[in-house]
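If you're matching them up, the sequences are chains G and Y in order. For what it's worth, this note's numbering labels the leading residue of the first sequence as 1, then goes sequentially. For what it's worth, this note's numbering labels the leading residue of the second sequence as 1001, then goes sequentially. We put the beta carbon where it would ideally sit given N, CA and C, even for glycine.
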Amino acid sequence: MGADSGSGAAPGPAVPWRKVLWERQPFPDNYVDRRFLEELRRNEGLRQYRYWAVVQEAGLVAQQISCVALFLTLWLYMEQGLLSPSTLLWTGLLCALLGYGLYQALAPRGDSDNHHRTRWSDLQSASIFLSFTFGFSPVLRTLTESVCTDTVYAMTALMLLAHLVAFPYAQPSPPGSLSLNAALFASVCLASRLPGDLHTSGGLDSSSSPSSLHTFTMLCWALLVFALWPCLLQRLRDCAPWVFGCVCVLVGVCGVGGLGSLWPGGAVLLAALLGTVTLLCPLLLIRLQSDKDNIQGPWDEAEIQEDLTHFLH
Amino acid sequence: MVLKIFFPQCCNKADSGLLVGRWIPGQNSAVVLAVIHYPFIPGQVKQYIHQMRGQSGVDLTVLGSWSMPKEGQEGMESFLRDLSTIFPQGQWLQLSREMGKIGFRCHVLTRDQNGKLVQQEKELKEDGGGEKGGTKRGGGEKEVEGEEGGGEKDKVIFIHYEQRKVMLSQLHPIDNGVPDPQTESQLPQVFGTVCQSEPLFFLDKYDDGPVKMTHWQSEGREGSIIVELMKQASTPVCLLTTWMLTLWTSLCSSRKANIFVSFFVDVSLGLLLVSWMYRENRIGKLANTLVPAADHVAKELEELLQWLMGAPAGLKMNRALDQVLGRFFLYHIHLWISYIHLMSPFIEMILWYVGLSACLGLTFALSLLSDITALLTFHIYCFYVYGARLYCMTVYGLSSLWRLFRGKKWNVLRQRVDSCSYDLDQLFIGTLLFTILLFLLPTTALYYLVFTLLRLVVVMFQGVLHLSVDFINSFPLFAMGLRLFRSYRLAEGVKFRVLCEEPGTPLHLMMDINPLKVSSVVQTYRTPTYSCYPKDSWLALCKKLFLGELIYPWRHKTTKID
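What follows is the structure, given as structure tokens:
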């Protein structure tokens, strides 16, 4: 084994060794000549990352974390009774209208035909959402009544983590099934833990059920934050990338600030987390690129490099 | 080659005469069926045998001669020897027995190419070897050994059998097709020969017929009662007995006998039950306890539901759903109790008339009991169906929505799970429903579990009744009786006992019938009943219970036409 220099047992090179498979040659099967490993390529697909581009992409992740933090803040406000559900509901509806207007304004010029059609279907969807949510609220509010609070919190945490992990950061617009469903499940769990009207219960009853309005508000906000906001974000990213960066920063600041008003320790933790994700992790990524050592060669599996774009529309 | 001669025990003490029987082809054995006594006319004997051959279908021939000399019968031997010329045979057996001795002696004469009989062998010697025992008689120098392959002695074995028992016995396993006489093994051929030769046994040496024969009838056992009674058939009592016995013998087919006997036993047990129930007005007492029993069951069910509506076994139920379901089922029980109270004045009369129908058999009464149980537990069945349907829908919905949760969909065409991109509203509503169903699952599952258990108790009780009915119908009582009291009628095989092994005489064996094992009797003679055994295995049943599908353990598979 090895190059032809060395053991004298190698046959005389009357016939040069050729790298073919089907020909019987007077060399042993594992013979290689000096051109061995000539075709080895190291770190072929290595990409050169630029720090600020990576930071910008990581901003999306930070933004999503802050969204979750904002949602939790709203819930905390409602739970402690600092905000009444009706106020929050109207605010939510207002935000929704604003967001929809912005979404339509940023729509790419072109087929204005579709606008009317999609507006009608948007209205249909909105009415379905609202009616269903309002109809199911009485059922949803007593859903986790018999479940222990710790279990509910644990389930919520798990579901929100699943949401963050499964979120389609590359393309947030059609929301990923698992991430959206996990977020909605978490919001239902939280919504059932809201305190009810203090007028109906005696005030001493610790397991009072929330009123339907609490649940409805919670669900509407969950829908806004987790389902509709990424669509708008995608639009912004497509149309005005620099605005996108500002929006991310704004959301992060709001998240930290909101949490800080209730729980300063949490705000500090959140800020640290956001900083790590946005600034430290890209640095780590770029630093570790130099430690990469991939080898490719003709022994790899063949990849079909076909241009499939003519199949797409 | 060993020559086996099957000799009936009844002919051991017969007078000298001709042996009638059959050669079994290919096996070098002969079955002796009867002995025809002197005086006889050879022509008549030949005619009689020809007639018997036609009647019975068995290939009867004169096998040879039998001599048991008494005083004043010297010279019979030579007379019998000369008979071999009258009856043309391939082989002629000359059996002889002396008074006081146990063993027989046998000479075998073979017809050679010249058409003359040559004595083939003398009797067996224990130290048999290459000794040539062949003395040649008659004309013709003939080498016998050449045919036999050199110095081989022909052994003769006498196998004694009890003719009546072998005639009545049925050899198992029963071959239902037409057996090929050439390839059939020896034992079935022997049994078949004796069995089919029944026409031969009608005439006895005590009858006035063309020939006088000795066979099993000569022993004067009960088989000849039929013949006796047929003669005295004038008296009515004997007529009745004759009819019953002919009926009995016509039921020789064991399967028909089994069904008849089972039916008879069933009806008699039913009559016994009816007489017991109607004495001391037990029916009335039963009817009076029926309504309070139903009330008691309903009260127990109500208590069960109240317990479920609280916190059963510490489990956490969804209060709203719990209350809804509990109230729904309580209302049903209330309806049921009203219905029972409405029916109560009529129950005694209905039960009285229904109880009379138990005259038709115990199985009828048991089936009626099963149906009455089904009617009285109808509300349990209803609850089970409601609970099962609700649970089934919950499980089905959950599994479908779980797929939606993960972003997948069931492809009905390909019967597999595919990924799917859902719309926003589909996702939203799907998630809401999934959450609701998931949290309501423990409540529905508990109700389902409780009602399924109740239903299974009822089903098991009905199952026990069905099984006992099936057992009564299919158990082969007649064959069992035969096995216990007349064990030789059902034969599995034979066993041999050595009777006489003296040097100088052939080996004598006694053939005893080996009766069929009791388990084989039950297995072979089971009447196939139209019973509905559960079609699902235990695993399939568990799977159905888990998924909430309704179980019908006693339903026949009917072809559905969609």
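- By the criterion of at least three beta-carbon pairs nearer than 8 angstroms, the region 1359-1373 of chain Y is in contact with the region 1258-1266 of chain Y.
- With fewer than three CB-CB distances shorter than 8 angstroms, the region 210-228 of chain G does not count as touching the region 1460-1477 of chain Y.
- By the rule that beta-carbons nearer than 8 angstroms mark a contact, Phe129 of chain G touches chain Y.
- Going by beta carbons, Ser1016 of chain Y and Trp1066 of chain Y fall inside the 8 angstroms limit.
- Not a single CB atom of chain G sits nearer than 8 angstroms to the CB of Asn1473 of chain Y.
- Shown here for Phe167 of chain G: same chain residues with a beta carbon closer than 7 angstroms to its own, the five before and five after excluded, namely Gln64, Gly176 and Ser179 in chain order.
- Here the region 1367-1380 of chain Y does not lie against the region 1268-1278 of chain Y, with fewer than 3 beta-carbon pairs under 8 angstroms apart.
- Within the region 277-300 of chain G, no residue has a Cβ lying closer than 8 angstroms to any Cβ of chain Y.
- In the DSSP assignment, no residue is bridged to Phe1079 of chain Y.
- Here DSSP, grouped into helix, strand and coil, assigns Trp1092 of chain Y to strand.
- Nearest C-alpha to Pro1042 of chain Y among Y:Val1457, Y:Arg1282 and Y:Ser1084: Y:Ser1084.
- When 8 angstroms is used as the limit between beta carbons, Tyr1422 of chain Y is near these residues of chain G: Ser177, in chain order.
- Judged by beta-carbon spacing, Ile1159 of chain Y lies within the 8 angstroms limit of Phe1006 of chain Y, meaning their Cβ atoms are closer than that value.
- Of the other Cβ atoms in all chains shown, 16 or more fall within 10 Å of the Cβ of Asn1318 of chain Y; this residue is therefore buried.
- With at least 16 other beta carbons inside 10 angstroms of its own, Gln1189 of chain Y counts as buried.
- For Lys1495 of chain Y, the closest of Y:Lys1155, Y:Tyr1448, Y:Leu1060 and Y:Tyr1161 by C-alpha to C-alpha distance is Y:Tyr1161.
- Annotation: the continuous alpha helix (DSSP H) that includes Ser212 of chain G extends over Ser212 to Ala222.
- Here DSSP, grouped into helix, strand and coil, assigns Leu143 of chain G to coil.
- Nearest Cα to Asp1418 of chain Y within the set Y:Phe1428, Y:Ser1400, Y:Gln1462 and Y:Ala1374: Y:Ser1400.
- Neighbours of Pro174 of chain G across chain Y, judged by C-beta separation under 7 angstroms: Ser1421.
- Taking C-alpha positions only, Gly1054 of chain Y is separated from Val1032 of chain Y by approximately 18 angstroms.
- A direct Cα-to-Cα measurement between Ile1283 of chain Y and Ala1358 of chain Y gives close to 12 angstroms.
- Secondary structure note for Ser177 of chain G: it is in no beta strand (DSSP E), and the uninterrupted alpha helix (DSSP H) holding it is Ser177 to Ala191.
- DSSP, reduced to helix, strand and coil, places Gly1310 of chain Y outside both helices and strands of the structure shown, so it counts as coil.
- Taking all protein chains shown into account, Leu1203 of chain Y has 16 or more neighbouring C-beta atoms within 10 Å of its C-beta and is therefore buried.
- Tyr1447 of chain Y sits away from Leu1315 of chain Y, with the two beta carbons spaced by 8 angstroms or more.
- From the beta-carbon of Asp1425 of chain Y, the residues of chain G found nearer than 7 angstroms are Ser125, Ile128 and Phe129.
- Using a CB distance cut-off of 8 angstroms, Ser146 of chain G counts as an interface residue toward chain Y.
- Taking a Cβ-Cβ threshold of 8 angstroms, the residues of chain G close to Met1317 of chain Y are Ser146, in chain order.
- Contacts with chain Y (Cβ-Cβ distance below 8 angstroms) from the region 132-164 of chain G involve Phe132, Thr133, Phe136, Val139, Leu140, Thr142, Leu143, Thr144, Glu145, Ser146 and Val147, listed in chain order.
- When 8 angstroms is used as the limit between beta carbons, Gly1407 of chain Y is near these residues of chain G: Gly176, Ser177 and Leu178, in chain order.
- Burial check for Ala157 of chain G: the Cβ neighbour count within 10 Å stays below 16, so the residue is exposed.
- Shown here, Met1213 of chain Y sits in a strand according to DSSP, grouped into three states.
- Closest by C-alpha distance to Pro1025 of chain Y, out of Y:Val1045, Y:Phe1201 and Y:Leu1003, is Y:Leu1003.
- For Phe1201 of chain Y, the secondary structure class from DSSP, reduced to helix, strand or coil, is helix.
- In the structure shown, Thr1377 of chain Y falls within a coil segment according to DSSP collapsed to helix, strand and coil.
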